[in-house]
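Asks: Following this message is one structure expressed as structure tokens.
Protein chains in written order, with our numbering: chain A, 1 to 255; chain B, 256 to 560.
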């Protein structure tokens with residue numbers, strides 16, 4: 001999977017709520033092969049305070065439509081600037097970067113668990129698993145009803161379970177309290193979200209002897225393993241989130 | 256046809272664009288984005304005698320027109336380098352340069368001796384300017400007698416071309432360049448990063464795990480240019496300019512100020528193919544200005560001062 005630097009064309013910019021938006025991008029030529037869990041380093045033009053690229057998960061990739069989607073949370077000046085992109089604008093990306101989630105074994109049952117913006121890479125993973133003959137269960141956690149992101153999209157590829165902290169939709173409580181996660185019927189759990197949530201999911205999986213892969217987010221410089229800034233302390237020493245990750249088996253992390 | 260080649264003694268470079276140590280890995284990281292043989296040379300990630308895990312996370316902070324880093328020379332040591340990295344980098348059709356670092360003079364000497372035995376390594380860059388290690392590094396490059404001692408000791412065992420990489424964190428960088436030249440350095444490269452810091456106001460603590468780190472990127476270019484200009488007027492050996500070079504226009508500024516060559520650093524993080532674009536842009540500039548050889552523009556600004 002060769003990495004490339006390319007200007008992609010924004011085909012849609014859909015605001016989900018105050019904090020989140022989805023960029024839909026395409027290119028004249030065929031997009032490269034990509035795997036769920038991979039990310040793009042996105043260039044934010046025109047500001048001296050957004051000097052470095054921003055790492056963003058590939059939210060969805062549809063090779064037939066030749067489109068990719070990025071789900072972005074506005075957290076600072078860079079993502080704020082990206083939120084203003086309009087259909088027809090160009091976005092310079094270095095992609096596809098990083099490793100990917102592993103496929104389950106034949107006949108294995110998978111659960112995808114995502115919280116908040118952490119659901120981003122799981123839509124592509126759901127699509128990918130469905131395309132490869134798996135029927136994933138998908139557990140999504142949000143703070144409240146207003147903050148639910150794209151849950152309808154996930155329903156195309158698996159059975160969706162929703163939780164909200166205030167009970168305004170789905171089960172009330174934290175994702176980590178949901179019976180589906182505690183059921184112990186899965187062979188592998190794929191998780192992405194805030195670090196405390198991922199740690200809690202990892203610990204539940206360890207207790208149940210279930211394989212667990214998490215997608216980490218670290219401050220990143222280059223995204224291609226050259227600057228060694230985005231390291232994570234693992235049982236194998238300092239590893240780069242951008243090239244050795246972003247997906248890690250929790251057994252390799254010092255959690 | 257424009258000649259953009261230059262030489263350090265009898266070591267020829269097909270063009271003046273090198274990649275700065277610590278910003279280009281070992282080359283392989285960039286193979287999807289560029290043809291390494293299109294570069295004048297590559298300077299590999301800093302190598303030490305023993306493996307180093309480097310500094311804790313967070314190691315990076317974005318700053319206006321630049322970034323701070325405190326990687327702390329994470330690398331797998333010279334044994335691993337010889338066994339696993341050298342076989343791959345020796346296949347590159349360009350000058351491959353190893354950047355060496357140590358805590359003691361003896362470390363630098365031992366490393367230089369080992370590198371000297373590797374046929375396909377074109378030169379050694381003696382890093383006496385890393386700001387992110389507790390011992391050695393910049394300590395050598397900010398004290399004249401230490402700089403003299405380590406350069407002399409390495410020169411005695413190094414038959415390859417020796418480039419001394421200077422620290423900008425000194426009162427007068429010219430003194431350090433002259434000292435390197437007196438001790439037999441074949442070239443000097445400057446500048447390494449400027450010592451800086453950033454504060455995370457949300458969490459009310461330093462942004463970097465080590466509090467201070469090295470500033471790079473366009474923010475430091477004016478400082479780097481000033482130092483390159485000063486040094487190029489003071490020494491006879493080639494000067495390699497480093498500091499915030501993002502485009503060929505930036506590179507040309509360094510050449511006009513007196514640099515014989517340049518290193519592309521942080522730019523490779525933002526555009527992994529920046530270095531080859533700069534190669535082309537320098538050639539285009541020379542052609543557009545009607546020059547046939549890059550040496551014609553070296554230090555040209557001095558004619559207009």
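Think of the CB as a built atom: it goes at the ideal place given N, C-alpha and C, for glycine as much as any other residue.
Identify the continuous alpha helix (DSSP H) that holds residue 82 of chain A and give its terminal residues.
Replies: Here residue 82 of chain A refers to the residue found at position 82 when the first chain is read from its first residue. Residues 77 to 83.
Asks: For residue 324 of chain B, which beta-bridge partners are listed by DSSP?
Replies: Stepping through the second chain from its first residue, residue 324 of chain B is reached at position 69. Residue 324 of chain B is bridged to B/315 and B/469.
Asks: Closest to residue 328 of chain B by C-alpha separation, out of B/320, B/356, B/270 and B/337, would be which residue?
Replies: In the second chain, counting from the first residue as 1, residue 328 of chain B sits at position 73. Among B/320, B/356, B/270 and B/337, the Cα nearest to that of residue 328 of chain B belongs to B/356.
Asks: Determine which residues of the stretch 76 to 108 of chain A have a Cβ less than 7 Å from any Cβ of chain B, and write them out in chain order.
Replies: So the close ones are 94.
Asks: Under 9 Å, CB to CB, which of the residues in the stretch 207 to 240 of chain A have a partner in chain B?
Replies: If the cut-off is 9 Å between Cβ atoms, the stretch 207 to 240 of chain A has 218, 219, 220, 221, 222, 223, 224, 225, 226, 227, 228, 229, 230, 231, 232, 233, 237 and 238 near chain B.
Asks: Let me confirm a value: residue 47 of chain A is counted as buried when at least 16 other C-beta atoms fall within 10 Å, else exposed. Which label applies?
Replies: On the first chain, position 47 is the one that residue 47 of chain A refers to. Answer is exposed; the Cβ neighbour count stays below 16.
Asks: Compare the Cα-Cα distances from residue 254 of chain A to each of A/219, A/244, A/205 and A/199 and report the closest residue.
Replies: Here the question's residue 254 of chain A lines up with position 254 in the first chain. If we check each option's Cα against that of residue 254 of chain A, A/199 comes out closest.
Asks: Can you tell me where the alpha helix (DSSP H) holding residue 403 of chain B begins and where it ends?
Replies: As a first step, residue 403 of chain B must be located in the second chain, where it is residue number 148. Per DSSP, residue 403 of chain B belongs to the alpha helix (DSSP H) from 399 to 412.
Asks: Using 8 Å as the cut-off, can you tell me whether the stretch 159 to 169 of chain A makes contact with the stretch 212 to 228 of chain A, which would need three or more C-beta pairs spanning the two stretches below that distance?
Replies: The stretch 159 to 169 of chain A is not in contact with the stretch 212 to 228 of chain A.
Asks: Between the Cα of residue 334 of chain B and the Cα atoms of B/347, B/352, B/353 and B/369, which residue gives the shortest distance?
Replies: Here residue 334 of chain B refers to the residue found at position 79 when the second chain is read from its first residue. The shortest Cα separation from residue 334 of chain B among B/347, B/352, B/353 and B/369 belongs to B/369.
Asks: At least one CB of chain A closer than 8 Å to the CB of residue 322 of chain B: is that the case?
Replies: Translated into positions along the second chain, residue 322 of chain B becomes position 67. It does; some Cβ of chain A falls within 8 Å.
Asks: At the level of alpha carbons, what is the spacing between residue 248 of chain A and residue 188 of chain A?
Replies: For the purposes of this step, residue 248 of chain A is identified with residue 248 of the first chain, where counting begins at 1. For the purposes of this step, residue 188 of chain A is identified with residue 188 of the first chain, where counting begins at 1. C-alpha separation (whole angstroms): 13 Å.
Asks: Starting from residue 396 of chain B, follow the alpha helix (DSSP H) in both directions and report where the run begins and ends.
Replies: For this step, residue 396 of chain B is matched to residue 141 along the second chain. Per DSSP, residue 396 of chain B belongs to the alpha helix (DSSP H) from 393 to 396.
Asks: Please state whether DSSP places residue 1 of chain A in a helix, a strand or coil.
Replies: Position 1 of the first chain, counted from the first residue, corresponds to residue 1 of chain A. In the structure shown, residue 1 of chain A sits in coil (DSSP, three-state: anything other than H, G, I, E or B).
Asks: In the DSSP assignment, what are the bridge partners of residue 374 of chain B?
Replies: Locating residue 374 of chain B in the second chain gives position 119, counting from the first residue. None; residue 374 of chain B has no bridge partner.
Asks: For the stretch 269 to 281 of chain B against the stretch 508 to 520 of chain B, are there 3 or more C-beta pairs whose distance is under 8 Å?
Replies: The stretch 269 to 281 of chain B is in contact with the stretch 508 to 520 of chain B.
Asks: Among the candidates A/201, A/18 and A/224, whose CA atom is the shortest distance from the CA of residue 146 of chain A?
Replies: Taking the first chain and counting its residues from 1, the one referred to as residue 146 of chain A is at position 146. Measuring from the Cα of residue 146 of chain A, the nearest candidate turns out to be A/18.
Asks: Since I believe residue 386 of chain B is in contact with residue 301 of chain B (beta carbons under 8 Å), could you give me their beta-carbon distance rounded to a whole number of angstroms?
Replies: Here residue 301 of chain B refers to the residue found at position 46 when the second chain is read from its first residue. Here residue 386 of chain B refers to the residue found at position 131 when the second chain is read from its first residue. That belief does not hold up - the Cβ atoms of residue 301 of chain B and residue 386 of chain B are roughly 12 Å apart, past 8 Å.
Asks: Where do the N-terminal and C-terminal ends of the beta strand (DSSP E) with residue 456 of chain B fall, by residue?
Replies: Locating residue 456 of chain B in the second chain gives position 201, where the first residue counts as 1. It is not in any beta strand (DSSP E) - residue 456 of chain B carries neither H nor E in the DSSP assignment.
Asks: Okay, do the stretch 309 to 325 of chain B and the stretch 223 to 238 of chain A touch, 3+ Cβ pairs below 8 Å being the bar?
Replies: Short answer: they touch.
Asks: When you compare only the Cα positions, how much space is there between residue 88 of chain A and residue 25 of chain A?
Replies: Here residue 88 of chain A refers to the residue found at position 88 when the first chain is read from its first residue. Here residue 25 of chain A refers to the residue found at position 25 when the first chain is read from its first residue. One C-alpha to the other measures close to 9 Å.
Asks: Measure from the C-beta of residue 308 of chain B to each C-beta in chain A and report whether the shortest distance is under 8 Å.
Replies: Stepping through the second chain from its first residue, residue 308 of chain B is reached at position 53. So, interface residue.
Asks: For residue 373 of chain B, which residues from the same chain have a beta carbon less than 6 Å from its beta carbon, with the 5 sequence-adjacent residues on both sides left out?
Replies: Along the second chain, one-based indexing puts residue 373 of chain B at 118. The residues are 341.
Asks: Scan the stretch 31 to 53 of chain A for residues whose Cβ lies nearer than 8 Å to a Cβ of chain B and list them as they occur along the chain.
Replies: Here the close residues are 43, 48, 49, 50, 51, 52 and 53.
Asks: Please look up how many angstroms separate the CB atoms of residue 438 of chain B and residue 410 of chain B, rounded, as I've assumed it's under 8 Å.
Replies: Walking along the second chain from the start, residue 438 of chain B turns up at place 183. Walking along the second chain from the start, residue 410 of chain B turns up at place 155. Contact flag correct, Cβ pair sits at about 6 Å.
Asks: Three or more C-beta pairs closer than 8 Å, one from the stretch 175 to 194 of chain A and one from the stretch 116 to 125 of chain A: is that the case here?
Replies: Counting Cβ pairs under 8 Å, three or more are found: they touch.
Asks: Less than 8 Å between CB atoms is the rule here; does residue 336 of chain B satisfy it with respect to chain A?
Replies: The sequence position of residue 336 of chain B within the second chain is 81, counting from 1. Not an interface residue.
Asks: Kindly indicate which three-state DSSP category residue 135 of chain A falls into: helix, strand or coil?
Replies: Here residue 135 of chain A refers to the residue found at position 135 of the first chain. The answer is coil: DSSP assigns residue 135 of chain A none of H, G, I, E or B.
Asks: So is residue 433 of chain B in contact with chain A if we call contact Cβ pairs under 8 Å?
Replies: Position 178 of the second chain, counting from 1, holds the residue named residue 433 of chain B. Not one chain A Cβ lies under 8 Å of residue 433 of chain B.
Asks: State the Cα-Cα distance for the pair residue 82 of chain A and residue 362 of chain B, rounded to the nearest angstrom.
Replies: Your numbering for residue 82 of chain A matches position 82 in the first chain. Your numbering for residue 362 of chain B matches position 107 in the second chain. Rounded to whole angstroms, residue 82 of chain A to residue 362 of chain B spans 48 Å at the Cα level.
Asks: Can at least three beta-carbon pairs, one atom from the stretch 407 to 425 of chain B and one from the stretch 442 to 457 of chain B, be found at a separation below 8 Å?
Replies: Yes: at least three Cβ pairs fall under 8 Å.
Asks: Which residue wins for smallest C-alpha separation from residue 436 of chain B, given the options B/392, B/494, B/474 and B/460?
Replies: Counting from 1 along the second chain, the entry for residue 436 of chain B is found at position 181. Cα-wise, what sits closest to residue 436 of chain B is B/494.
Asks: Could you name the residues of chain B that residue 3 of chain A contacts, counting a contact when the two beta carbons are closer than 9 Å?
Replies: Taking the first residue of the first chain as 1, we reach residue 3 of chain A at position 3. What residue 3 of chain A touches in chain B: 287, 288 and 527.
Asks: Taking Cβ positions only, does residue 349 of chain B come closer than 8 Å to chain A?
Replies: The count along the second chain starts at 1 and reaches residue 349 of chain B at position 94. So, not an interface residue.
Asks: Chain A partners of residue 284 of chain B, CB-CB under 7 Å?
Replies: In the second chain, residue 284 of chain B corresponds to position 29, counting from 1. Under the 7 Å cutoff, chain A gives 224, 225 and 226.
Asks: With 9 Å as the limit, tell me which residues of the stretch 534 to 554 of chain B have their beta carbon closer than that to any beta carbon of chain A; keep them in chain order.
Replies: Listed in sequence order: no entries.
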